[in-house]
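Counting from 35, one number per residue, gives the positions in the sequence shown under this note's numbering.
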Amino acid sequence: MVFRILQPDTNSIWQNDEVLKRFPRYKGIIDGTQIARYIIAKTIDCDYNSSDTIENLEILQKEKSLEFKDILKKDIEEIKHRKFSSNSYIHLVETLANKYLEKCIFCERQCEVNRVDGQKGYCLISKDSYISSAFLHMGEEAPLVPSGTIFFQGCNFGCVFCQNYDISQSWKEKRELEDIAKKVDVKILSSIAEKLAERGALNINYVGGDPIPNIHTIIGSLNFQTTNITQLWNSNFYLTDKALSLIIDLMDFWLPDFKYGNNTCGKKYSGIENYFDFVSRNHKRVHDEGSGEIIIRHLVMPGHINCCSKPILDYVAKELSNAVVNIMGQYRPQYHSFNYPEINRKPTSQEMHEVKNYASRLGILYKPVS
Ligand code: SF4
35 MVFRILQPDT NSIWQNDEVL KRFPRYKGII DGTQIARYII AKTIDCDYNS
85 SDTIENLEIL QKEKSLEFKD ILKKDIEEIK HRKFSSNSYI HLVETLANKY
135 LEKCIFCERQ CEVNRVDGQK GYCLISKDSY ISSAFLHMGE EAPLVPSGTI
185 FFQGCNFGCV FCQNYDISQS WKEKRELEDI AKKVDVKILS SIAEKLAERG
235 ALNINYVGGD PIPNIHTIIG SLNFQTTNIT QLWNSNFYLT DKALSLIIDL
285 MDFWLPDFKY GNNTCGKKYS GIENYFDFVS RNHKRVHDEG SGEIIIRHLV
335 MPGHINCCSK PILDYVAKEL SNAVVNIMGQ YRPQYHSFNY PEINRKPTSQ
385 EMHEVKNYAS RLGILYKPVS
């Protein structure tokens, strides 16, 4: 029996009916009345060869995704009695992920480098994954604490204000990954996740840097994980549609950033194209086709209320009715933001009020997690 130590607000958060209504499966997994999606995926048999073409594997993956959704509708007792397959839906998406790795399209940078052969794209991560730390995080949003958080080294973004620049950006200029992080394969990652679960984590929280360059390792680790625990994707969400298809059925909970309310600011401060188009597409997809249990993190940036905060909140109100938003006020000038005078300060309390008042007027749920 594992006894969980919860923070007071973590206990009381579930007395909030609206939070309970938005996250029923997540709460059910904590209570043992629901089964984590990745465990259900292990019971789906897939008939394929690893030599099959990407196109054929993608067709099969779409079919199996529909089968997965049908099983989700079944009674919990029926699901509990399903047997694990030796060639399951998780094996299928792991195979597909490793094929994508040969011409990497995990994120919308679409570098198309062969990471299996040791080539590196923008993120500078080859086929191997590295983690900088893994621990029970007590500082995440109240429903998530304690969170079994695994920090991957490296990131596909180049945010000039990066608040995690030591593990995301700055090592690229001077260090080898091997010197600063621990290399993990699928079995090692799985054992780290299992240990976090044993120590009372309510979820396994894949973050970084960003987990996107490590999708293949994370999926592979699910073949070895066995605990009925929520799998949580904590990311900048700049995945390709194909990469999101690999994990959309396996993740129970989504913790995506929503930074910019337009493409121009994304280009200027993170060096990426079409930010709003791609990221809003992915939010919409996990809301409508995935678990739909989402806490969106919006970091309020100074002077970016009208161009970023308000358009994001408008989008959430219109398209993501089940999402809860963490309106974050902890922006600080960091890393290279000193070179951008307009964001070289904290947001003012007046700016924070303006954003929160706007969210309230739109009926967005943010107070329990902000
Ligand atoms: S994860 Fe993104 S940045 Fe990294 S190699 Fe693949 S496409 Fe490029």
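Ideal Cβ placement from N, Cα and C applies to all residues, glycine included.
If you're wondering where the values come from, they're calculated on a predicted model, not measured in any experiment.
(message) I want to know whether the stretch 286–304 touches the stretch 183–195 - three or more CB-CB distances under 8 Å.
(response) At 8 Å Cβ cutoff, the stretches touch.
(message) Within 9 Å of any Cβ in chain C, is that where the Cβ of Pro-375 sits?
(response) Looking for chain C here will not work: only one protein chain is present.
(request) Inspect the beta-carbon positions of Leu-130 and Leu-280 and report whether they are closer than 9 Å. (result) A contact, by the Cβ cut-off of 9 Å.
(message) For Ile-39, which residues in the same chain have their Cβ closer than 8 Å to its Cβ, ignoring the five residues on either side in sequence?
(response) Because Ile-39 carries a pLDDT of 46, less than 50, the predicted location of this residue cannot be relied on, and the following value inherits that uncertainty. Taking Ile-39 as the centre and dropping the five residues before and after it, the same chain places the C-beta of Pro-180, Gly-234 closer than 8 Å to its C-beta, in chain order.
(message) Taking 8 Å as the cut-off, does the stretch 365–384 touch the stretch 319–329 (at least 3 CB pairs, one atom from each stretch)?
(response) Output reads no: the stretch 365–384 does not touch the stretch 319–329.
(message) Mapping the DSSP letters down to three states, classify Lys-401 as helix, strand or coil.
(response) The answer is helix: DSSP assigns Lys-401 an H, G or I state.
(request) Could you pull the start and end residues of the alpha helix (DSSP H) that Thr-447 belongs to? (result) Given a span of 35 to 404 for the chain in the structure shown, any question on residue 447 remains unanswerable.
(request) Would you check if the stretch 121–130 and the stretch 154–171 touch, i.e. whether three or more CB-CB distances between them fall below 8 Å? (result) With a cut-off of 8 Å, the stretch 121–130 and the stretch 154–171 do not count as touching, because too few Cβ pairs lie within range.
(request) Helix, strand or coil for Met-386, going by three-state DSSP, please let me know. (result) Helix, per DSSP.
(request) Report yes if the C-beta of Val-147 is less than 8 Å from at least one heavy atom of ligand 1; otherwise report no. (result) Correct: Val-147 has its Cβ closer than 8 Å to ligand 1.
(request) Kindly indicate the opening and closing residues of the beta strand (DSSP E) around Asn-237. (result) Per DSSP, Asn-237 is one residue of the beta strand (DSSP E) stretching across 237–241.
(message) Given this structure, state the Cα-to-Cα distance separating Gly-152 from Leu-211, to the nearest angstrom.
(response) Pairing Gly-152 with Leu-211, the inter-Cα distance amounts to about 13 Å.
(request) State the DSSP-derived secondary structure class of Lys-103, mapped to helix, strand or coil. (result) Lys-103: helix per DSSP, three-state reduction.
(request) Have a look at Ala-227, Leu-347, Glu-175 and flag the residue whose alpha-carbon is nearest the alpha-carbon of Gly-397. (result) With distances taken between CA atoms, Gly-397 lies nearest to Leu-347 out of Ala-227, Leu-347, Glu-175.
(request) Drop a sphere of 10 angstroms on the beta-carbon of Lys-221, count the other beta-carbons inside from all chains shown, and report buried for 16 or more, exposed for fewer. (result) Lys-221 is exposed by the Cβ-count criterion.
(message) For Arg-395 and Leu-333, what's the separation of their Cα atoms in angstroms?
(response) Approximately 19 Å, taken between the alpha carbons.
(message) According to DSSP, is Val-359 part of a helix, a strand, or is it coil?
(response) In the three-state scheme derived from DSSP, where H, G and I count as helix and E and B as strand, Val-359 is classed as strand.
(request) Report the three-state DSSP secondary structure of Leu-158 (helix, strand or coil). (result) DSSP, reduced to helix, strand and coil, places Leu-158 outside both helices and strands of the structure shown, so it counts as coil.
(request) Could you check what DSSP says for Glu-269 in three-state terms: helix, strand or coil? (result) Here the sequence assigns Ser to residue 269, which means Glu is not the residue at that position. In the structure shown, the three-state DSSP call for Ser-269 is coil.
(request) Determine the direct distance from the alpha carbon of Ser-99 to that of Met-362, and round the result to whole angstroms. (result) Looking at the two C-alpha atoms, the distance is approximately 34 Å.
(request) Evaluate the contact criterion for the stretch 141–150 versus the stretch 99–110: three or more CB pairs, one atom per stretch, below 8 Å. (result) Judged by pairs of C-beta atoms under 8 Å, the stretch 141–150 does not touch the stretch 99–110, as fewer than three such pairs exist.
(request) Leaving out five residues on either side along the sequence, give the residues of the same chain with a beta carbon under 6 Å from the beta carbon of Arg-116. (result) The residues Thr-77, in chain order, have a CB closer than 6 Å to that of Arg-116 in the same chain once the five nearest residues on each side in sequence are set aside.
(request) Output yes or no for whether 9 Å exceeds the beta carbon distance between Gln-265 and Phe-287. (result) In contact: Gln-265 and Phe-287 (Cβ atoms closer than 9 Å).
(message) By the DSSP assignment, the alpha helix (DSSP H) with Leu-130 in it spans what residues?
(response) 123–134 is the extent of the alpha helix (DSSP H) around Leu-130.
(request) Starting from the C-beta of Ala-357, find all residues in its chain whose C-beta is less than 6 Å away, skip the five residues before and the five after it, and write them out in chain order. (result) Same-chain partners within the cutoff: Ile-328, Ile-330, Val-350.
(request) Report the partner residues of Arg-331 according to the DSSP bridge assignment. (result) Paired residue(s): Asp-291, Asn-360.
(request) Look at Pro-345 and Asn-316 and say whether their C-beta atoms are less than 9 Å apart. (result) Not closer than 9 Å, so no.
(request) Pick out whichever of Ser-355, Thr-298, Asn-262 has its Cα sitting closest to the Cα of Tyr-400. (result) The shortest CA-to-CA distance from Tyr-400 to any of Ser-355, Thr-298, Asn-262 is the one to Ser-355.
(request) Just mark Pro-42 as buried or exposed, buried being the case when its beta carbon has 16 or more other beta carbons within 10 Å. (result) Annotation note: pLDDT 47 at Pro-42 (below 50); position unreliable, no value reported.
(request) Determine the extent of the alpha helix (DSSP H) in which Ala-231 is found, giving its start and end residues. (result) Counting along the chain, the alpha helix (DSSP H) containing Ala-231 begins and ends at 220–232.
(request) Note down the Cα distance separating Asn-198 from Tyr-374, rounded to an integer number of angstroms. (result) Looking at the backbone, the Cα of Asn-198 and that of Tyr-374 are separated by about 18 Å.
(request) From the DSSP output, in three-state form, read off Cys-342 for me. (result) It is helical.
(message) Our contact map puts Tyr-156 next to Asn-190 with C-beta atoms below 8 Å; I'd like the distance itself, whole angstroms only.
(response) For Tyr-156 against Asn-190, the beta-carbon gap comes to about 6 Å, under 8 Å, which counts as contact.
(message) At the level of alpha carbons, what is the spacing between Lys-154 and His-387?
(response) For Lys-154 and His-387, the distance between alpha carbons rounds to 43 Å.
(request) Closer than 5 Å is what we want: which residues have a beta carbon that near any heavy atom of ligand 1? List them in chain order. (result) Listed by chain position, these are Cys-138, Phe-140, Cys-141, Arg-143, Cys-145, Gly-155, Tyr-156, Cys-157, Asn-190, Pro-247.
(message) Taking the alpha carbon of Gln-187 as the reference point, which residue from Ser-166, Asn-268, Asp-311 has its own alpha carbon closest?
(response) It is Ser-166.
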